[in-house]
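Everything below concerns the one structure shown next.
Shown next as structure tokens:
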């Protein structure tokens, strides 16, 4: 089934699902034979074929729909669609519309994801519309195009697997209207309404309420970025998202309550198996919790897995851990085949598998005596935590580029505390909120606030966020062996030690080598922003850091993962061209996570208010900051020379773009045949305009370069013909999105660059532009050029 879905996703068998079904049936014959009746065997084969066919057909139809309705260019249109889901966070909102139709042409448009920022008070956002409501809206639609950078996963395929053909934004926050209700009248709408009322009531509990809302109703919108990072550093991010752990804890509470109450009834015990009654109560509570928590896709997957495990327990087959996990996997893949590629689903099933196999190897009874029993329970909890973390850490490193070596110890305390204290209090607070009672929410909020303080203290103790590598072949095999050893280890100390070894190996593992090897330049794909890495054999520079929006910035999303993927653990210089947010927004995150030698900013920038936050972070991290411009020179390891060409001192009267720090970076390479030292020149002009270009030419500045980053993202107010002729670079790079509201790089600039004999590259089209600085120069895009969308080519 999984192989058929994978092949359909690759496009190989999407036109003939029967082949994938046949493959699934054939693979079924390879499993270990057990003596069963022909009827049972035929039923098993038929079930596998049907479930496999459903999964293959589902993902094939979604991919086909996404491709068929994908727009070729940015188009503004009036559409009608049904709200099928919404989500929001700090500074962003997301609404999905299904059965979308273009009102003017009556043409279907499939499923569209509407993105937005924070809603204005006078215009309630589209995300406030109830699920099931039919709406009409004026949207600006475009094909989805994710950033493509080293160390980051390309999300375009993920969006297509969900059947989403386009992303859009409201032309104006008020340009939408509900034309047919159905949200509150539907069962799902009533659950959404109840969830909204509970969330509003809990929000009044003060600090700590954000954690209570996350645990009780799955609403994480109130959790600050600093809090998320603290949970990530100590390896507790999974506690913030409703998952199998939370459903299992709720189910355990339901089972325990049932056993304490119904299980003590002699009359019931003589007529029913009270364990079965307890399982029914546990599953009922877990299902209700899933509905209150938003009934999201990850929650539904976890609930399916919980039902499968409960069925195995009721049949007395828990000693065969593969059966309930396989049962849940088949059911999930039949209805949601995208789960095969989803990081959350992979993590859930990896943790469940590790825990099931670990539990299956346990056969000892709890010892008598209070202290002995406490030690046994503690040991079991530590063993389970070590197994789950060992199984999920490689996947987290692969998908998110993060590792938390202290996670086993942190989870040893956090999981019991969450299960026995925080989660029951959160559920009581939610129950009280439905009745209008404030006391449970107040108590739960205070306990949650203490818990947040403890996590933040642990994050400070753990230090800065630890990146994890995508390990190379030998390291990958070694890590897999450590994971297997952890799950199979019988002694607690050995299992914990091997789990720590897995996390440590992910931090020190040699990453997969990325072409080209140093010396190289990588102009990162950071949307409407700029960020470039220049690396010699023994030194590295970051020029600009992309933008920021809400709690998210390109520093943490793209730059830090790229640095680690490239094997860079220290930046000798971080150069910030000027104070525009799309150039400095990600720099604080880089300073927080990477060792930096010195930060360069343009003359006069120290007093500029836009640099206040960056300077504060640099001071806290004890990174020196200096103003630079004309005449500045720095030598890095004898391999790179940075020369400041602009601005001059005392140029504060000019606008911010005209005060950009312009540098030329000379990188020493070596001709492998003649062994003659050579210099490759890179010109980084920031956002200067034609006026500064004229001044540089008038001053007789040596502008000759081999690689040019087009000024101001390729704006037509920059990159004059005379300037490009003076630079005469064989390679030019435009840092701009594929489809942006500013239309960069401008067509006039593209023509000028081509007329100047430059090979023109574009981060929005090509992804991160990789430049081999050895002679002869070579450049290519990190993105697969075969997936270029219409409207994004020269």
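Residue numbers (our numbering): 34 to 827. Built from N, CA and C at the ideal position, the CB exists for glycine as well. All values derive from a computational prediction rather than experimental measurement.
### Query
Helix or strand or just coil, what does DSSP make of residue 363?
Note: residue 363 maps to helix in three-state DSSP.
### Query
Tell me, which residues are paired with residue 111 by DSSP?
171.
### Message
Whole angstroms are fine: how far does the CA of residue 196 sit from the CA of residue 564?
### Response
In a straight line, the C-alpha of residue 564 is about 32 Å away from that of residue 196.
### Task
Please classify residue 668: is it buried, with 16 or more other beta-carbons within 10 angstroms of its beta-carbon, or exposed?
Here residue 668 is exposed. Its C-beta has fewer than 16 other C-beta atoms within 10 Å.
### Message
I'd like the list of long-range same chain contacts for residue 714, defined as Cβ closer than 7 Å, with 5 residues on each side in sequence excluded.
### Response
Excluding positions up to five away in sequence, the list reads 697, 699, 737, 738, 739.
### Message
Rounded to whole angstroms, what is the Cα-Cα separation between residue 423 and residue 264?
### Response
Going by the C-alpha atoms only, they are around 18 Å apart.
### Distance cut-off 7 Å: residue 516 Cβ against heavy atoms of the ligand NAD
No copy of the ligand NAD occurs in the structure displayed, which carries no ligand at all.
### Message
Taking the alpha carbon of residue 547 as the reference point, which residue from 562, 568, 253 has its own alpha carbon closest?
### Response
Nearest option by C-alpha distance: 568.
### Message
Looking at chain B, is there any beta carbon in it that lies within less than 8 Å of the beta carbon of residue 544?
### Response
Among the chains of the structure shown, chain B does not appear; only one protein chain is present.
#### Entry: 3-residue-minimum beta strand (DSSP E) runs that sit fully inside the segment 439–492, ordered along the chain
The segment 439–492 is shown to contain no whole beta strand (DSSP E) run of 3 or more residues.
### Task
Alpha carbon to alpha carbon, how far is residue 148 from residue 14? Give it in angstroms, no decimals.
There is simply no residue 14 to check, as the chain begins at 34 and stops at 827 in what is shown.
### Query
Near residue 473, what residues of its chain come up, given a Cβ to Cβ distance below 6 Å and the 5 sequence neighbours on each side ignored?
Same-chain partners within the cutoff: 461, 462, 465.
### Query
Is residue 21 buried or exposed, if buried means 16 or more other CB atoms sit within 10 Å of its CB?
Given a span of 34 to 827 for the chain in the structure shown, any question on residue 21 remains unanswerable.
### Message
Let me make sure I understand the geometry here. Which of 452, 591, 429 has the alpha-carbon closest to that of residue 536?
### Response
It is 429 whose Cα lies nearest to the Cα of residue 536.
### Query
In its own chain, which residues sit with a C-beta less than 8 Å from the C-beta of residue 285, not counting the 5 before and 5 after it?
315, 452.
### Message
Using only the alpha-carbon positions, how far apart do residue 814 and residue 746 sit?
### Response
Cα-Cα distance, rounded: 17 Å.
#### Entry: Buried versus exposed call for residue 717 [16 or more other C-beta atoms within 10 Å across all chains shown]
So residue 717 counts as buried.
### Message
I'd like to know whether the C-beta atoms of residue 342 and residue 381 end up nearer to each other than 8 Å.
### Response
Against a cut-off of 8 Å, the Cβ pair of residue 381 and residue 342 comes out as no contact.
#### Entry: residue 633: first and last residue of the uninterrupted beta strand (DSSP E) it sits in
Per DSSP, the unbroken beta strand (DSSP E) holding residue 633 starts and ends at 628–635.
### Task
Find out if the Cβ-Cβ distance for the pair residue 607, residue 648 is shorter than 8 Å.
At the C-beta level, residue 607 and residue 648 stay beyond 8 Å of one another.
### Query
Are residue 505 and residue 544 touching if we call contact CB-CB under 8 Å?
Yes, they are a contact pair.
### Query
Looking at the unbroken beta strand (DSSP E) that takes in residue 134, where does it start and where does it end?
Residues 125–135.
### Task
Pull up the distance between the alpha-carbon of residue 769 and that of residue 598, whole angstroms please.
One C-alpha to the other measures close to 23 Å.
#### Entry: Status (buried if at least 16 other CB within 10 Å, exposed otherwise) for residue 670
Exposed is the label assigned to residue 670, since fewer than 16 other Cβ atoms lie within 10 Å of its Cβ.
### Message
If you reduce the DSSP assignment to three classes, tell me which class residue 322 lands in.
### Response
If DSSP states are grouped into helix, strand and coil, residue 322 belongs with the helices.
### Query
At a cut of 8 Å, does the segment 368–388 reach the segment 96–109 through at least three beta carbon pairs?
Taking 8 Å as the limit for Cβ pairs, the verdict is that the segment 96–109 does not touch the segment 368–388.
### Query
Do you know how far the Cα of residue 490 is from the Cα of residue 801?
If you take the alpha carbons of residue 801 and residue 490, they lie about 37 Å apart.
### Where the beta strand (DSSP E) containing residue 794 begins and where it ends
For residue 794, the enclosing beta strand (DSSP E) stretches over residues 792–795.
### Message
Can you tell me whether residue 386 is helix, strand or coil according to DSSP?
### Response
The answer is helix: DSSP assigns residue 386 an H, G or I state.
### Buried versus exposed, by CB contacts within 10 Å (16 or more), residue 816
So residue 816 counts as buried.
### Boundaries (first-last residue) of the alpha helix (DSSP H) holding residue 652
Here the alpha helix (DSSP H) through residue 652 covers 645–653.
#### Entry: Boundaries (first-last residue) of the beta strand (DSSP E) holding residue 677
Note, residue 677: beta strand (DSSP E), 673–679.
### Query
Under a three-way DSSP split, which group does residue 820 fall into?
At residue 820, the pLDDT of 34 sits below 50, so the modelled position is not reliable and the matter cannot be decided from this model.
#### Entry: Cα-Cα separation between residue 318 and residue 309, rounded to whole angstroms
Rounded to whole angstroms, the gap between the alpha carbons of residue 318 and residue 309 is 14 Å.
### Query
Which full runs of the beta strand (DSSP E) of 3+ residues lie inside the segment 712–776, going along the chain?
Assignment of beta strand (DSSP E) within the segment 712–776, counting only whole runs of 3 or more residues, yields 740–742, 764–767 in chain order.
### As assigned by DSSP and simplified to three states, the class of residue 96
It is helical.
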